[in-house]
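Here's the structure we're looking at; comments come further down.
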Amino acid sequence: MGENVEDYKLIFEKEGVYLHTNAKKSTQETSIPGFVRIVERAGVPALEWSPLEDEGRSAPAVLYTKKDGEGEEEDANFDPGYEPDWAVISNVKKDTNRVSVKDSGQWAFSLPLSELYSLRRSRFSLGRNFLVLTSKGGHPLPPLHFHRGGTRELLRALHRYITLDQSPVDGRLFLAYLRDPHDVSQPFEKLQFLDDGGSDIVTKFIQDPYVTTLGGFSKVTNFFKVALRAPETPVSRGAQDPSLPSQPDDEPGFELITCGVELGPRPDVTRGQPLDKWKDFLDPEGRVKNQEKIKELVFRGGITPSLRKEVWKFLLGFYPWNSTTKEREDILRVKTDEYFRMKMQWKSVSEEQEMRNSLLRGYRNLIERDVNRTDRHNTFFSGNDNPGLTLLHDVLMTYCMYNFDLGYVQGMSDLLSPILFVTQNEVESFWCLTGFMELVHQNFEESQEAMKKQLCQLSILLKALDPELCDFLDSQDSGSLCFCFRWLLIWFKREFSFEDILTLWEVLWTRLPCDNFHLLFACSILESQRGELIGSDHDFNTILKHINELTMKLDVQQMLRDAEAIYQQLVCCKDLPLKVQQVLGLYNPSSSEDNSPDSQTEDAQRLLGQSEAGAASSHVPTRP
């Protein structure tokens, strides 16, 4: 091997680890089989990979250098969730004391563990694990694909030398630190790595919804179907993988209710004109005289674009409805000072400080990635060096200071961009975002309990409305409604045009006629597709693909009409199942007898009946 045996010690070795070069020329290999090893050379641990042809020879001590032209075209089957770092990085500067990969014609590398900065683990669409390692110089090595498993064994061996700190904002990213030989903290079993033998897509789906759902449902495979299939018996529920999220005993999970009641006819509903007058609703001191009337008008028809900048600040809680003009001026001054104090907190962090703050560094990296791909078709965010992109970045970074426990989670840039577009103001967009996040922050929490609850509630509503459609979805292993996850996560942001989203969101912000109107809106979309789904040959995968391809093909006004008609139909049903009443906010089990299911439903029917003297479709019932 050309070196002193006493200076070389093999710690770990695994065959069947492929290095994917992403080369496109027919004369180049794109997938090279080889060995991954952990070795000690003169007591210094290193991670090495060498091709199969190098068996019996130790790997050369070189760092990976990207070949000219490599990474210009990404492998169509490679979907790590981002554009891979190694596909866009510039050439690594050669170390004159080391042999260049390009010069040697080999892809072998050796990376001292003291130089390992981070490790990202992910999974191919076919379930194979791969790892991307990054050195402290910021240079990712080509991904290592474990065709025969072995990632867990490798990581266990690495754990002898390094501590892996999982990023709180990206469950796949781990920062590496050299381990004190006497340090026994962080047992390996507590690290949440993917298993080699299984496809823990539920965990990936829950922990990384942005990549799994916003990245394109057409790439979801049968592994997803098997993992999300509801248990068929109590025995199967108890026998499931204990590492997967379990359903509490009092929660129905994805189980659908049985509904044999007659709902009655669904009424016709019409939409109104947008709110186009604002000053008429203000008293001489600037107070809003009738906020409920304004909310009803917004629910009925949205807001004229010229008024959105003002009205959104009330809908999102930046200004109290009963505030005077003078009070709002004071609020703006105080909130501006508060915003820039928080902004200075992250702006004043030095590079040296940030190197020791993995949490802030992780937030910044995610924000920079997402800003560069958020609504770039919109002129406010298009092009390079666009000031809109800077504002988007700065507001999101400042939100991390405002809510450091939650920080930044992928998808939040989608919520901010329409607000920033409308307000055209950094401070106002920030405080409007905080108001929006008050409504949806639970969607982004790591446990994802709120998302699971909403999918369950959506199942309850759909079963009551259209048992036949539910039966069909169940027959195709789609009863979990997992394909609606993206809708609920970011409030249909990817399903409609930018202008339609402005209208939809301001309607939903009124919280009329109930807090869960967004679930009724989802029901209206699903029912609009029943003719395409029922009787077709769609299976689980093609249902996902069909739903994903509805983007920009739906009429937002028609869906709003249908959603309100669904609400009126349900509320008018005297025998409405209890669980449906709970979803609609018609029944609170902790309330007194006056809040019994029958009395709550009768109250809602009475409210609906108040509009029958005029046009039945022009009144918006308030919540009981």
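Each residue of the sequence shown is one higher than the one before, counting from 86 in the numbering used here.
C-beta: ideal position from N, C-alpha, C; glycine also.
Residues near residue i in its chain [Cβ-Cβ closer than 7 Å; skip 5 each side]
i	result
lysine 380	Thr595, Leu597
leucine 524	none
valine 261	The question names valine, but residue 261 is alanine in the sequence shown. If we look at alanine 261 and ignore the five residues flanking it on each side, its Cβ neighbours are Leu201, Tyr202, Ser203, Leu204, Ile247, Leu249.
lysine 394	Val507, Thr508
asparagine 471	none
Straight-line Cα distance separating residue j from residue i
i	j	result
tryptophan 516	glutamate 414	15 Å
isoleucine 416	alanine 242	56 Å
proline 503	lysine 578	9 Å
cysteine 555	aspartate 562	10 Å
aspartate 499	aspartate 455	9 Å
glutamate 591	leucine 400	8 Å
isoleucine 96	glycine 447	31 Å
threonine 636	glutamine 654	27 Å
phenylalanine 120	arginine 441	33 Å
leucine 229	leucine 216	5 Å
proline 552	glutamate 617	16 Å
glutamate 412	proline 352	43 Å
aspartate 660	lysine 538	24 Å
valine 129	arginine 245	13 Å
threonine 409	threonine 483	28 Å
glutamate 453	glycine 468	15 Å
leucine 198	lysine 221	10 Å
phenylalanine 625	glutamate 423	49 Å
leucine 501	leucine 518	6 Å
leucine 239	leucine 476	42 Å
glutamate 125	glutamine 251	25 Å
glycine 154	phenylalanine 194	The predicted model places glycine 154 with a pLDDT of 39, which falls under 50 and marks its position as unreliable; any figure quoted below should be read in that light. If you take the alpha carbons of glycine 154 and phenylalanine 194, they lie about 20 Å apart.
Residue range of the beta strand (DSSP E) that includes residue i
i	result
lysine 578	No beta strand (DSSP E) holds lysine 578; DSSP gives it neither H nor E.
valine 121	116-126
tryptophan 134	129-136
valine 346	That residue, valine 346, is in no beta strand (DSSP E); it is neither H nor E in DSSP.
phenylalanine 602	Segment 602-613 is the alpha helix (DSSP H) holding phenylalanine 602; no beta strand (DSSP E) there.
Same chain, Cβ closer than 6 Å to residue i, neighbours up to 5 away in sequence not counted
i	result
isoleucine 619	Phe557
leucine 605	Ala648, Ile651, Tyr652
arginine 122	Glu98, Glu133
glutamine 527	Ala535
valine 354	Arg646, Glu649, Ala650, Ser702
lysine 420	Trp516
Buried/exposed call for residue i, threshold 16 Cβ in 10 Å
i	result
histidine 462	exposed
glutamate 513	buried
proline 227	buried
alanine 607	buried
glycine 349	exposed
glutamine 438	exposed
phenylalanine 489	exposed
proline 225	buried
threonine 459	buried
valine 373	buried
lysine 398	buried
serine 135	buried
leucine 481	buried
leucine 451	buried
valine 346	exposed
Residues near residue i in its chain [Cβ-Cβ closer than 8 Å; skip 5 each side]
i	result
leucine 639	Glu580, Phe581, Ile610, Ser613
leucine 360	Ile379, Leu382, Val383, Gly386, Gly387, Ile388, Thr389, Leu392, Val396
serine 116	Tyr103, Leu104, His105, Thr106, His230
asparagine 457	Leu474
glutamine 542	Asn601, Leu604, Val668
Residue-chain proximity (residue i, chain C), Cβ-Cβ < 8 Å
i	result
arginine 264	Absent from the structure: chain C. Only one protein chain is present.
Cβ pair residue i, residue j closer than 8 Å
i	j	result
phenylalanine 529	methionine 497	yes
tryptophan 192	leucine 137	no
tryptophan 406	glutamine 430	no
proline 662	alanine 549	yes
phenylalanine 602	leucine 593	yes
glycine 101	arginine 237	no
valine 507	leucine 573	no
isoleucine 545	lysine 664	yes
methionine 522	methionine 427	no
alanine 131	leucine 218	no
aspartate 479	glutamate 436	no
leucine 547	serine 565	no
glycine 520	cysteine 599	no
leucine 444	valine 434	no
Proximity test, residue i beta-carbon vs the ligand MG heavy atom, cut-off 7 Å
i	result
threonine 421	The ligand MG is not part of the structure shown, which contains no ligands of any sort.
Where the alpha helix (DSSP H) through residue i begins and ends
i	result
tyrosine 487	472-487
aspartate 718	This structure gives no information on residue 718, because the portion of the chain shown stretches from 86 to 709.
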